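This report refers to the structure that appears directly beneath it.
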Amino acid sequence: MCPCPCCQQDKPRRRFRPIAFLLQVIVLYVMLVLGGGTLINTGHPVAREAGRLIQTVTLVDPAIQWADSHGLNPLAGGLRLAAGGLPVGKLIPG
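Start counting the sequence shown at 102; every next residue gets the next number (my numbering).
Rendered as structure tokens:
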């Protein structure tokens, strides 16, 4: 270790930022739901079961029902859209 004061710089401290943490959790949740829906759309039996498992763990169906019952239709629609996943095998015509 260097005893001189020029080498003893303070490292920047990481602060807990609750808004950034919340946004990361929301993005992770949406990506899991979207990935689960995409796996279901593949039609492969193992992928479909993995997609259903992901959507079971993320509780997307109860979240959609909760949003509908509380009048949060845009949130319910967004969750339905994400739960549908991406179309697989339909991107290339022919």
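C-beta: ideal position from N, C-alpha, C; glycine also. On a predicted model such as this, the values are computed, not experimentally measured, just so you know.
So what does DSSP say about residue i, is it helix, strand or coil?
i, result
"P188", "coil"
"R118", "coil"
"G172", "coil"
Would a C-beta distance cut-off of 8 Å place residue i and residue j closer than the cut-off?
i, j, result
"T157", "G186", "no"
"V134", "T159", "yes"
"G172", "I155", "no"
Residue i and residue j look like a contact to me (Cβ under 8 Å); what is the Cβ gap, rounded to whole Å?
i, j, result
"R153", "I141", "6 Å"
"V147", "A184", "Actually they are not in contact, since the Cβ atoms of V147 and A184 sit about 19 Å apart, beyond 8 Å."
Report the residue ranges of all beta strand (DSSP E) runs contained in full by the segment 144-169; include only those spanning at least 3 residues, in chain order. Taken in chain order, the whole beta strand (DSSP E) runs of length 3 or more contained in the segment 144-169 number zero.
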